[in-house]
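Each residue of the sequence shown is one higher than the one before, starting from 475 at the first, in the working numbering.
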Amino acid sequence: MPPASRGLGQLLVLSRQVVSPPPRIGYAVVSRLKDNLARSRDAGRVSVAMIEALDVELGGSGGSNKERTRIGAIASVVPKGGRSMQVFCAEEGHVKAVLSALQASDYSLTPQLENGQSSSSSAGNAGANPLVITVPVPPVTAETRQQAAAEAKKAAEKAGLEVRNARGEAQKRFRKMELEKRVVVDELRKAHKGMEEVAKQGQDQVKAVLDAALKALARIIIISIVVVSIIVVSIIIVSITIFFSIIVVSIIVSITIFFSIIVVSITIFFSIIVVSIIVVSIIVVSIIVVSITIFGIIVVSIIVVSIIVVRSSSSLSIVVSINVASIIIISIIIVVFRIIIISIIIVVSIIIISIIIVVSIIIISIVIFFSIIIISIIISIIIISIIHY
475 MPPASRGLGQ LLVLSRQVVS PPPRIGYAVV SRLKDNLARS RDAGRVSVAM
525 IEALDVELGG SGGSNKERTR IGAIASVVPK GGRSMQVFCA EEGHVKAVLS
575 ALQASDYSLT PQLENGQSSS SSAGNAGANP LVITVPVPPV TAETRQQAAA
625 EAKKAAEKAG LEVRNARGEA QKRFRKMELE KRVVVDELRK AHKGMEEVAK
675 QGQDQVKAVL DAALKALARI IIISIVVVSI IVVSIIIVSI TIFFSIIVVS
725 IIVSITIFFS IIVVSITIFF SIIVVSIIVV SIIVVSIIVV SITIFGIIVV
775 SIIVVSIIVV RSSSSLSIVV SINVASIIII SIIIVVFRII IISIIIVVSI
825 IIISIIIVVS IIIISIVIFF SIIIISIIIS IIIISIIHY
């Protein structure tokens, strides 16, 4: 085969390695990028795949004796509930290395042996499996989501750099072949064009994968924000509803109690007034009856005395009779006036006492009304604080 044909054959082989696409530009770069971005799709949440992808060094302390592999190759990682994972090591000699790899990761992990220790100590509780490592999953925060987005961009930049480096290596090889005149110019141009197309495809694939990962991450962040917003709004609505419900109920209860007390007070007041009037009326009627009776007795006494005086025709007897009658009349008048004054005092006292009782009841009802309102507001604030906490 002529040298030009051999050079063209080598160029075609090289072009196929670039165009078909080769691992560094095509499938391998994009595949590695997808593996790296799979971590970011969980918005910073540590997953089984992320644990399995961690690098671990096995062997002695010497650099030549160490073997570098991934945790997924020497252990099984399974989720345990929603907040932790368990790593089942294949050999007891791997436990220390796996623990070190977990602790050295960027995921803020605190692995623990099944015996409760976080170090490589072999001492454990009876019945504990020395090959099992429990890994608590840290909660997802806004910082971890931002970190996941930053890691995704770094992974895409690294993949793009690999594509550019592969393109540069291909250009160097093309240039060398051109200087050695091992290919014709037309075929070399075709190879350059094919290489540029493959490099562009690689960059486009990297950009597409990154955009998809960032969109997925943005959707997760938006969903998280929406969920948190819904929860916050629901808590606010529930709090406001509880607050106003308690206020309304307390106002209704207070008004009911207030008006009930007012009605009772008015009833008591008028009852006292009616009773006072009845009592006073009975007293007055009794006084009138007694007065009439006494007056009748006096009149009869005067008539009797007059008859006696007329028969005796004694001036002394007449004077005595008149004096006695006068004294009796004056005494009766004094007694009647005293009874009337006492009755008036009793009536006025009863009215004053009833007014004092009614006013006191009204004041107490007002105090109770505002006390219930204040207590209701305090209870509402406490309940809302508890809900928000």
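Don't be surprised by glycine CBs; every beta carbon is placed ideally from N, CA and C.
- The segment 732 to 786 is shown to contain no whole alpha helix (DSSP H) run of 4 or more residues.
- In this structure, Ser828 sits away from Phe732, with a CB-CB distance that is not shorter than 7 Å.
- Contact check for Val530 against Ala578 fails: the beta carbons are separated by 7 Å or more.
- In this structure, the CA atom of Ser574 is about 11 Å from the CA atom of Leu583.
- Excluding sequence positions up to five before and after Ala682, its CB lies less than 6 Å from no other CB in the same chain.
- Rounded to the nearest whole angstrom, the CA to CA distance from Ala623 to Ile705 is 25 Å.
- Under the criterion of beta carbons closer than 8 Å, Ala626 and Leu688 qualify as touching, at roughly 6 Å.
- Val778 sits exposed, since fewer than 16 C-beta atoms from the chains shown fall within 10 Å of its C-beta.
- Contact between the segment 828 to 846 and the segment 706 to 722 is absent: fewer than 3 CB-CB pairs across the two stretches fall below 8 Å.
- Less than 7 Å separates the beta-carbon of Val680 from that of Ala630.
- The criterion of a C-beta distance shorter than 7 Å is not satisfied by Val637 and Gln675.
- In terms of Cβ geometry, Val606 and Phe562 form a close pair [threshold 7 Å].
- Here the alpha carbons of Ser739 and Ile814 stand approximately 29 Å from one another.
- In the displayed model, Lys570 falls within a helix according to three-state DSSP.
- Of Val822, Pro610, Ile848, Val609, the smallest CA-CA separation from Val753 is found for Val822.
- Contact check for Met669 and Val611: beta-carbon distance about 45 Å, past the 8 Å limit, so the pair fails to qualify.
- With 16 or more other CB atoms across the displayed protein chains lying within 10 angstroms of its CB, Val520 is buried.
- Around the beta carbon of Ala549, 16 or more other beta carbons lie within 10 angstroms, which makes this residue buried.
- In this model, Lys632 and Gly567 are separated by some 34 Å (Cα to Cα).
- Taking each of Val774, Ser854, Ala690, Val551 in turn and checking the Cα distance to Ile720, the smallest one comes out for Ser854.
- Closest in alpha carbon position to Val833, among Ile860, Phe811, Ile736, is Ile736.
- Taking every protein chain shown into account, the CB of Val551 has 16 or more other CB atoms within 10 angstroms, so this residue is buried.
- Your pair Ser728 and Ile847 checks out as a contact, with CB atoms roughly 6 Å apart and the cut at 8 Å.
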